[in-house]
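Participant:
There are 2 protein chains.
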Amino acid sequence: MKAEIIAIGTEILLGEIVDTNSAHLARQLPELGIDLYYKSVVGDNRARLHETFRRAWERSDLILTTGGLGPTDDDMTREAIAEILGEKPVVDAELEQRLRGFFASRGYPMPESNIKQAWLLPSARAIPNPRGTAPGWWTERDGHIIVSMPGVPPEMELMWANEVRPELERRFSGEVLVTRTLKTLGIGEGTVDEMARPVYAMPGIGVGTYARADGVHLRIGAKASTREEAWMLIRPAEEELRQIFGNAIWGSDEDTLEGMLGDVFRERGETLATMESVTGGLLAATFTDVPGASGFFQGGLVTYQTEGKIAAGVDLGVIREFGVVSQETAKEMARAVRVHADADYGIGITGVAGPDPQEGVAPGTVHLGIATPDGTEAAMTIVVNQGRAAVRRRAVTTALLLLRRALYGQLPQ
Amino acid sequence: MKAEIIAIGTEILLGEIVDTNSAHLARQLPELGIDLYYKSVVGDNRARLHETFRRAWERSDLILTTGGLGPTDDDMTREAIAEILGEKPVVDAELEQRLRGFFASRGYPMPESNIKQAWLLPSARAIPNPRGTAPGWWTERDGHIIVSMPGVPPEMELMWANEVRPELERRFSGEVLVTRTLKTLGIGEGTVDEMARPVYAMPGIGVGTYARADGVHLRIGAKASTREEAWMLIRPAEEELRQIFGNAIWGSDEDTLEGMLGDVFRERGETLATMESVTGGLLAATFTDVPGASGFFQGGLVTYQTEGKIAAGVDLGVIREFGVVSQETAKEMARAVRVHADADYGIGITGVAGPDPQEGVAPGTVHLGIATPDGTEAAMTIVVNQGRAAVRRRAVTTALLLLRRALYGQLPQ
């Protein structure tokens with residue numbers, strides 16, 4: 305089953321919108337046994353849209369498209385499919401009724417141009433879109449399938465999950481690729497690669513290493529005719545890798561550092577509080593991104609001013625002696641917020657996001673401090689040269705690493 | 305000048321990484337007078353990479369590639385270019401010296417596989433990469449140009465800005481497309497479209513409307529042989545639109561709501577403080593994303609627990625009477641943090657991110673409160689059905705809107 309993905313829209317072609325839909329779909333095709341060969345973007349241009357559809361129809365069995373299903377003249381996905389198939393769209397009575405109902409329930413009349421959203425072709429059936437007015441199209445003829453979904457990501461994602469993916473799963477059972485990603489921390493990519501060597505020779509699998517913001521990932525992949533068979537190949541490799549890396553593996557697949565840390569906190573019944581300046585709330589936002597954060601996240605302070613730090617219990621003497629951007633102040637912030645919020649662990653972050661230096665400290669310098677229940681305080685410093693956003697992101701990741709070390713008693717004294 | 309962009313890497317094809325590079329480049333091509341016709345993604349597969357390069361070489365004058373410049377066997381961009389051109393790569397002495405120097409300065413030996421990063425072709429010159437070990441390649445022959453840049457976004461972006469874009473600007477002066485985007489707030493897309501109609505007929509320009517998270521955008525575009533000429537066409541249209549929309553236009557082009565609000569605060573010498581639960585620090589992180597936030601952002605509290613709210617001065621009586629997720633509590637949070645942090649404006653956000661309801665309140669419900677220097681308090685409520693991340697994002701945008709209304713005296717009483 306050869307597949308390709310086409311994202312439709314001038315705004316995507318010109319980069320005014322970043323296309324997240326294609327990645328969302330691409331990630332899930334291998335486990336369905338569908339080989340993705342091409343991904344492309346085409347603007348709202350009738351000739352180029354037609355050309356793109358024609359080439360796709362020739363070379364692919366399954367064509368997944370997103371976008372171009374809106375009500376305006378710019379939205380030409382339906383027209384392009386009709387043209388390729390040489391069929392004529394007609395207004396479907398049931399779709400029309402649903403569409404008019406949608407507008408009526410909101411109390412305003414339906415612009416007549418919207419009637420396009422009730423079109424169907426003889427070879428197409430509508431795919432429900434509970435989050436919007438544009439139904440998808442499942443078009444099928446001569447062994448080719450075109451699945452057209454809306455461009456708005458929440459609409460597309462729900463339609464894919466509820467309708468399209470289950471239907472594809474039911475109908476195709478080619479050779480399935482299953483992958484397992486193990487996430488390590490604290491070891492360089494070259495060393496991970498060397499340590500993992502013994503596993504590379506195991507039968508039926510492939511192993512790759514990937515350097516990521518949250519450490520080096522090891523991905524084991526196996527192809528087999530069923531998912532169960534693929535797992536039979538992966539499991540011994542995973543066990544071997546877990547043996548080799550031990551505690552350096554902190555999670556797998558969709559696990560995030562913040563999610564794993566949250567689990568540990570909740571299991572242990574311990575709590576956390578944060579005091580941030582340079583990251584300005586990003587660390588708190590990262591923890592509270594996880595459902596159930598209220599079970600361990602005691603609170604966060606964004607202290608962009610020295611007075612805010614003092615008010616939360618930071619010792620002015622430490623700031624005066626070492627400067628507000630220093631390891632000592634980071635530790636003092638961690639200690640203070642731990643007490644202030646009555647938490648088991650405290651984290652303090654202070655630094656210079658840039659672009660300009662501050663009090664003689666170079667932009668990109670970030671100090672992170674941690675305070676633990678047994679009275680240990682520790683600090684780390686990073687220097688990031690890749691701009692303001694990268695400084696903040698890297699600082700958050702480093703805070704998560706520091707916290708993991710603390711939870712496993714691996715802090716430098 | 306017909307251009308295409310090719311993003312290279314199996315991780316991008318399979319959606320394990322979202323490709324932001326292509327959008328970054330695509331956004332900047334129109335103003336250089338370069339027409340972008342295709343964007344595609346190809347995996348680390350020699351045959352398909354070759355095929356993609358060959359097709360691009362046939363149909364495009366300028367090919368911009370990102371990725372595949374690393375040191376491993378998987379990185380085949382250089383090999384693919386050499387194959388298309390029928391040239392043989394040789395190690396460039398100067399590049400080799402720089403590469404070995406990079407490793408020496410870090411105190412570890414260079415793996416011999418890295419020597420690929422010192423390769424050059426007769427038709428290629430190296431493009432400096434101050435942020436990494438992989439230089440880019442500028443390859444030129446028979447009227448075609450291939451510009452190969454690294455896949456790591458900060459490396460790619462700096463190389464593009466410092467080296468590639470200026471060189472393209474110097475060499476090409478085709479018909480230039482200049483655009484101006486005006487950002488409106490508080491008016492629906494249909495109404496904006498109708499109000500803007502008189503401008504649509506103005507000569508030499510095109511106008512489009514786009515519904516965005518931060519309001520409806522109006523984009524004026526004009527093509528001319530020089531940038532100045534294009535601006536001559538745009539300016540009268542912009543003036544007319546500003547006349548029509550007045551204060552409803554809050555910014556243009558790259559302006560962000562948080563940036564504009566920051567400017568207003570600094571100009572007026574006023575300050576802001578935030579207390580968030582459901583957004584968990586995202587609002588503070590949004591304000592502090594702007595350089596110079598310390599000039600007005602007095603501080604933020606992430607109060608994920610009721611005790612944290614009480615400690616910051618929220619009246620327990622209000623929470624008991626109306627519930628922690630209520631307009632009254634949101635207003636009380638705004639009032640309390642304004643006093644607590646000694647700021648002119650306070651914002652409070654409380655809600656249910658989901659996936660589960662909380663105290664009988666449906667997930668996706670968010671209340672936002674604001675307190676102003678003249679004692680006004682106001683609140684807004686939104687209900688978002690598109691999942692946890694969308695709830696948090698929409699809540700932040702709504703807080704920015706509420707704040708803008710407050711700053712311009714447009715709050716509901």
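Going line by line, the protein sequences match chains P and F. Residues in the first sequence are numbered from 305 upward in steps of one, following my numbering. Residues in the second sequence are numbered from 305 upward in steps of one, following my numbering. Think of the CB as a built atom: it goes at the ideal place given N, C-alpha and C, for glycine as much as any other residue. Just so we're clear, the structure is a prediction, and the values are computed from it rather than from any experiment.
Indicate the three-state DSSP secondary structure (helix, strand or coil) for residue 339 of chain F in the structure shown.
Facilitator: Three-state result, residue 339 of chain F: strand.
Participant: Hey, residue 469 of chain F and residue 332 of chain F are a contact pair by Cβ (cut 8 Å); roughly how many whole angstroms apart?
Facilitator: Correct: roughly 7 Å between the Cβ atoms.
Participant: Can a CB atom of chain P be found closer than 9 Å to the CB of residue 649 of chain F?
Facilitator: No, residue 649 of chain F lies away from the interface with chain P (no Cβ there is under 9 Å from its Cβ).
Participant: Check the C-beta distance from residue 589 of chain F over to residue 589 of chain P and give it rounded, since I have them as a contact under 8 Å.
Facilitator: Contact holds; Cβ gap of about 5 Å.
Participant: Let's see if you can read the secondary structure: which residues bound the alpha helix (DSSP H) around residue 403 of chain F?
Facilitator: First-last of the alpha helix (DSSP H) with residue 403 of chain F: 397-409.
Participant: Is residue 444 of chain F helix, strand or coil when you go by DSSP?
Facilitator: Residue state, collapsed to three classes: strand.
Participant: On the three-pair Cβ rule with 8 Å, is the region 560-578 of chain P touching the region 639-647 of chain P?
Facilitator: Yes, the region 560-578 of chain P is in contact with the region 639-647 of chain P.
Participant: Should the region 503-516 of chain P be regarded as contacting the region 438-456 of chain P, the criterion being three or more beta carbon pairs within less than 8 Å?
Facilitator: Short answer: they don't touch.
Participant: Against residue 597 of chain F, what residues of chain P qualify as contacts under a CB-to-CB distance less than 8 Å, listed in chain order?
Facilitator: Near residue 597 of chain F (Cβ distances below 8 Å), the residues of chain P are 584, 608.
Participant: By the 9 Å beta-carbon criterion, what residues does the region 322-341 of chain P contribute toward chain F?
Facilitator: So the list reads 322, 323, 324, 326, 327, 328, 329, 330, 331, 332, 333, 334, 340, 341, given in the order they occur along the chain.
Participant: Quick check: what's the CA-CA separation for residue 353 of chain F versus residue 428 of chain F?
Facilitator: So the two alpha carbons sit approximately 19 Å from each other.
Participant: Buried or exposed for residue 541 of chain F, please, with buried defined as at least 16 other CB atoms from any protein chain shown within 10 angstroms of its CB.
Facilitator: So residue 541 of chain F counts as buried.
Participant: Identify every run of the alpha helix (DSSP H) within the region 474-511 of chain P, keeping only runs that are complete inside it and at least 4 residues long; order them along the chain.
Facilitator: Within the region 474-511 of chain P, the complete alpha helix (DSSP H) runs of at least 4 residues are 493-504.
Participant: Just to make sure I have the definition right: I need the residues of chain F whose C-beta is within less than 7 Å of the C-beta of residue 631 of chain P. Which are they?
Facilitator: The contacting residues do not exist; residue 631 of chain P stays about 21 Å from chain F at best.
Participant: May I ask you to report which of helix, strand or coil DSSP gives residue 417 of chain P?
Facilitator: Three-state result, residue 417 of chain P: helix.
Participant: Between F/335, F/593, F/613, which has its C-alpha nearest residue 583 of chain P's C-alpha?
Facilitator: For residue 583 of chain P, the nearest C-alpha among the options comes from F/593.
Participant: With residue 675 of chain F and residue 579 of chain F assumed to form a contact (beta carbons below 8 Å), what rounded beta-carbon distance in angstroms separates them?
Facilitator: Wrong, their Cβ atoms sit about 10 Å apart, outside the cutoff.
Participant: Could you tell me whether any Cβ in chain P is nearer than 9 Å to the Cβ of residue 370 of chain F?
Facilitator: No, residue 370 of chain F lies away from the interface with chain P (no Cβ there is under 9 Å from its Cβ).
Participant: Output the boundary residues of the alpha helix (DSSP H) element that contains residue 547 of chain F.
Facilitator: 531-549 is the extent of the alpha helix (DSSP H) around residue 547 of chain F.
Participant: Is residue 332 of chain P helix, strand or coil when you go by DSSP?
Facilitator: Of the three classes helix, strand and coil, the one that applies to residue 332 of chain P here is helix, per DSSP.
Participant: Taking 9 Å as the threshold (C-beta atoms), are residue 318 of chain F and residue 340 of chain P in contact?
Facilitator: Against a cut-off of 9 Å, the Cβ pair of residue 318 of chain F and residue 340 of chain P comes out as a contact.
Participant: Would you mind giving the Cβ-Cβ distance between residue 496 of chain P and residue 520 of chain P, rounded to the nearest angstrom? I have them listed as a contact below 8 Å.
Facilitator: Their Cβ separation, rounded to whole angstroms, is 5 Å, which keeps residue 496 of chain P and residue 520 of chain P in contact under 8 Å.
Participant: To the nearest angstrom, report how far apart residue 691 of chain F and residue 595 of chain P are at their CA atoms.
Facilitator: The straight-line gap from Cα to Cα measures roughly 11 Å.
Participant: Given this structure, state the Cα-to-Cα distance separating residue 253 of chain P from residue 345 of chain F, to the nearest angstrom.
Facilitator: No statement about residue 253 of chain P is possible, as the shown extent of chain P runs from 305 to 717 and does not include it.
Participant: Go to residue 578 of chain P, then tell me how far its beta strand (DSSP E) extends in each direction, as first and last residue.
Facilitator: First-last of the beta strand (DSSP E) with residue 578 of chain P: 576-580.
Participant: Give the C-beta separation of residue 396 of chain F and residue 424 of chain F to the nearest angstrom, bearing in mind that I take them to be a contact with Cβ-Cβ under 8 Å.
Facilitator: Their Cβ separation, rounded to whole angstroms, is 4 Å, which keeps residue 396 of chain F and residue 424 of chain F in contact under 8 Å.
Participant: Closer than 9 Å, CB to CB, is residue 604 of chain P near chain F or not?
Facilitator: Chain F contact via Cβ: present.
Participant: Between which residues of its own chain and residue 630 of chain P is the CB-CB distance below 7 Å, once the five residues before and five after are set aside?
Facilitator: Hits under 7 Å: 671.
Participant: Rounded to whole angstroms, what's the CA-CA distance from residue 685 of chain P to residue 473 of chain F? Just pull it up for me.
Facilitator: Answer to the nearest angstrom: the Cα atoms are 40 Å apart.
Participant: Mind checking which residues open and close the beta strand (DSSP E) that includes residue 312 of chain F?
Facilitator: Unbroken beta strand (DSSP E) run through residue 312 of chain F: 306-312.
Participant: Excluding sequence positions up to five away, which residues of its chain have a Cβ less than 7 Å from the Cβ of residue 599 of chain P?
Facilitator: Result list for residue 599 of chain P: 570, in chain order.
Participant: CB residue 381 of chain F to CB residue 441 of chain F, shorter than 9 Å?
Facilitator: Cβ distance < 9 Å, so residue 381 of chain F and residue 441 of chain F count as in contact.
Participant: Given a cut-off of 9 Å, decide if residue 312 of chain P and residue 330 of chain P are closer than it, judged by their beta-carbon atoms.
Facilitator: No; because the gap between Cβ atoms is not below 9 Å, this pair is not in contact.
Participant: Just by C-beta distance, which residues in the region 673-700 of chain P are closer than 9 Å to chain F?
Facilitator: Going along the region 673-700 of chain P in chain order, one finds 689, 690, 691, 692, 693, 694, 696 with a Cβ nearer than 9 Å to chain F.
Participant: From residue 547 of chain F to residue 500 of chain F, what distance separates their C-alpha atoms?
Facilitator: For residue 547 of chain F and residue 500 of chain F, the distance between alpha carbons rounds to 10 Å.
Participant: Could you tell me how far apart the beta carbons of residue 700 of chain P and residue 668 of chain P are, in whole angstroms, since I believe they sit closer than 8 Å?
Facilitator: With a Cβ gap of about 14 Å, residue 700 of chain P and residue 668 of chain P do not count as contacting.
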